[in-house]
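Report on one structure; see the data block that follows.
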Amino acid sequence: MRAYAIAIYLFLYAPIALIVLFSFNSGLSASDFRGFSIAWYGKVAGNRFVLEAVTHSLIVAAASATLATLFGTMAALALQRVTGWLRAVFDGLTYVAIMVPGIVIGIATLIALVTAFDIVNDLLLAIWPADDPGAVPQLALGYGSIIAAHTLFSLALVIVLVRARIAGMDRSLVEAATDLYATPWGTFRQVTLPLILPAVVAGFLLSFTFSFDDFVIAFFVAGSKTTLPIYVFASIRRGVTPEINAIGTVVLLVSLLLLFSAQILLRRGAKPTRAT
Amino acid sequence: MAKAATSDDSAKRRRRWTALLLAPAGLWFLALLVMPLAVVVVFSLGERAPAGGYAPALSLANYLNLPARWTAFRNTLVLAPIGTLVCLLAAYPLAYFLAVRTSPRYRLLLLILVIVPFWTSFLIRTYAWMFILGGRGLPALFEWIGFGEIRLINTPLSVLIGIVYGYLPLMVFPIFVSLERLDKRLLEAAADLGSTPWRSFRQVTLPLSAPGVITGCMLVFILLMGEYLIPQLLGGGKVFFIGNALVDLFLQSRNWPYGSAVAMSLVILMLATVTLYLRLTRRYGGRDVSLL
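Below, the structure is given as structure tokens:
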């Protein structure tokens, strides 16, 4: 049984190790190893398209994770006092947002936004006080649409994480603060927030990781804003090169870093929550 | 305590706060989940505009035309259950090992090591297998050893390997949780009563881990149904899923109404699975296992 476990760990990590190993290949072809070199990293760092894609990805991930953490935490805090139909509606929407496949979210967002944009753009053309139609502002897919679509999934994720933390929280602390004449804001800042903070920060990091890694939703709604996964996907289709291995190694490293921070934060605090 | 008037006042203020806190999330869900899904439903009843896109209509023609994409449905409905089953068979012994046979000192670390790959780039991990199974990877190695020419990539087998690689962590975790909760004294009692290890496993361990097994299978199955990247990269256009048909319909042939009907049937298939899952877990008295 131990041998089986070792075999599974090998199965899980060997392909990742292979990517890292071959990113240091000095040869031109991805598949025969010629010697150690960091030339491909230099090549990646000098590739304007890669840098552009990384910038797009970082902006989208930071914006969507911030929005999702803020709105998700607010909703989770409110939901602890809500009962009845409103709570059932929010529970249902949270689970639908997590369960509906990314590809369907991508499609639905694409056609809904394109339809809405067409209507608004026609309206703008009709009412804008300018003679040159080129000067009229027009809505298009881009940062806004990717950030909005990523925020949807991350929002649901943050709500689930923070609510799990609140459920494991000692209510008597909040009651004690109220009995000692703390204002609601004071109670929140000094009692509730420190208690839920690990889940909030973990939610931010997981949202960031999700957005940074997501391919399928961005594929539909990115418009002209190529994110890093879209760039990698396009290069894979053009052919396998060690450049992709180098990008992959950096991406793996970054997501590992974020992931371990999230894990440590979720485990901090005396009371373990249901979240792992 | 406070007077009736003040408590009435504070209740009102609380309600206003609650509404304020819920508003952004509620609006987000409405604008980016409910409305887009409603648009998909409406579009699925329409017809394709001559230049691509949507023209208003009210017909079930798109749904009646679903068999035109039968291959994608068949591949998904065959490979998703098989992939789930292989994941289960591979994951159960590992989850058992971690929950029962590992000392608590290393348990957490080993568990984290299983889950970590799931949260790292899915695209890069799938690409790694393209690299391994492609012409100059394993097949070249096999040929060098003397097995003759073997083709691995762009076959159902390569898609299956990608599936197991991608989703194994997701299966291990819920099974581990249900096995760890299992009361070890039950197994001792069974042994004391003369039960063989195999019989104890079959009659005690397996039924008690059923909630974890069901949760894991459902999660993997649901994600597999909407899979796009694995069949795209490892199936190379020969083994394609519903997801690949959807990308083709929306981004290449721009047949939005028909694509919407395909997307709706995918969602309906998934909802049916979730309903079945809820029925099953209720029967086994399972609690839901949080995954995150």
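As they're listed, the protein sequences go chains H and U.
The first sequence runs 1 to 276 under the numbering used here.
The second sequence runs 1001 to 1292 under the numbering used here.
Glycine included, C-beta positions come from ideal geometry on N, C-alpha and C.
- Beta-bridge annotation (DSSP): Asn1065/U is not paired with any residue.
- Counting the other Cβ atoms within 10 Å of the Cβ of Gly92/H gives fewer than 16, which makes it exposed.
- Straight through space, the alpha carbons of Leu1234/U and Phe1241/U are spaced by roughly 12 Å.
- In the displayed model, Tyr181/H falls within coil according to three-state DSSP, outside both helix and strand.
- Here Phe22/H is near Pro242/H, since their CB atoms are less than 8 Å apart.
- Closest option to Tyr1165/U, judged by alpha-carbon separation, among Arg1136/U, Thr1205/U, Val1086/U: Val1086/U.
- Between Thr249/H and Ile103/H, the C-beta gap is not smaller than 8 Å, which leaves the two residues out of contact.
- The C-alpha of Ala5/H lies about 22 Å from the C-alpha of Ile1214/U.
- Looking from the CA of Pro194/H, the closest CA among Phe219/H, Ile166/H, Ala65/H belongs to Ile166/H.
- Take the alpha-carbon of Gly1026/U and the one of Asn1075/U: they are about 37 Å apart.
- Proximity of Val60/H to chain U, defined by a Cβ-Cβ separation below 8 Å, is not satisfied.
- Using a Cβ-Cβ cut-off of 7 Å, Gly102/H is close to Gly1226 of chain U, given in chain order.
- Around Ile107/H, the beta-carbon contacts reaching into chain U at under 8 Å are Val1040, Leu1246, Phe1250, Gly1259, Ser1260, Ala1263.
- At a cut-off of 8 Å, the C-beta of Arg1279/U has no neighbouring C-beta in chain H.
- At a cut-off of 8 Å between beta carbons, Met1035/U contacts chain H.
- As the crow flies, the alpha-carbon of Leu1208/U is around 11 Å from that of Val1177/U.
- Per the C-alpha coordinates, the member of Val1274/U, Gly1243/U, Leu1276/U positioned closest to Thr1071/U is Gly1243/U.
- Excluding five sequence positions before and after Met1264/U, the CB atoms of its chain that fall closer than 7 Å to its own CB belong to Val1040, Val1041, Ser1044, given in chain order.
- With 16 or more neighbouring CB atoms inside 10 Å of its own CB, Tyr1096/U falls in the buried class.
- Of the other Cβ atoms in all chains shown, fewer than 16 fall within 10 Å of the Cβ of Trp1198/U; this residue is therefore exposed.
- No residue range can be given for Ile1150/U, since it is assigned to no alpha helix (DSSP H) and is classified by DSSP as neither H nor E.
- In summary, Glu1227/U is buried, with 16 or more beta-carbon neighbours lying within 10 Å of its beta-carbon over all protein chains present.
- Measuring C-alpha to C-alpha distances from Arg48/H to each of Gln263/H, Thr226/H, Ile217/H, Val251/H identifies Thr226/H as the nearest.
- Close to Leu110/H, with beta-carbon spacing below 8 Å, are these residues of chain U in chain order: Phe1250.
- Close CB contacts of Ser235/H within its chain, under the 6 Å cut and outside five residues either way in sequence, are with Ile244 (chain order).
- Remark: fewer than three beta-carbon pairs, one from each stretch, lie closer than 8 Å, so the region 168–181 of chain H and the region 202–213 of chain H are not flagged as touching.
- Using a CB distance cut-off of 8 Å, Gly1243/U counts as an interface residue toward chain H.
- When the beta-carbon positions are compared, Thr109/H and Phe220/H come within less than 8 Å of each other.
- Listed by position along chain U, the residues whose Cβ is nearer than 9 Å to that of Arg171/H form an empty set, because the closest Cβ is around 16 Å away.
- Around Asn1065/U, the same chain offers Tyr1258 as residues with beta carbons nearer than 7 Å, after the five sequence neighbours per side are excluded.
- A distance below 8 Å separates the beta carbons of Ala1055/U and Gly1046/U.
- Rounded to whole angstroms, the separation of the alpha carbons of Val60/H and Ala164/H is 27 Å.
- At a Cβ-Cβ threshold of 8 Å, Phe1221/U and Pro1081/U count as neighbours.
- For the set Gly1135/U, Val1159/U, Gly1052/U, Leu1123/U, the Cα lying nearest the Cα of Gly1148/U is the one of Gly1135/U.
- Counting only the Cα atoms, Leu256/H lies some 38 Å from Arg1185/U.
- Looking from the CA of Ser26/H, the closest CA among Ser37/H, Ala17/H, Val44/H belongs to Ser37/H.
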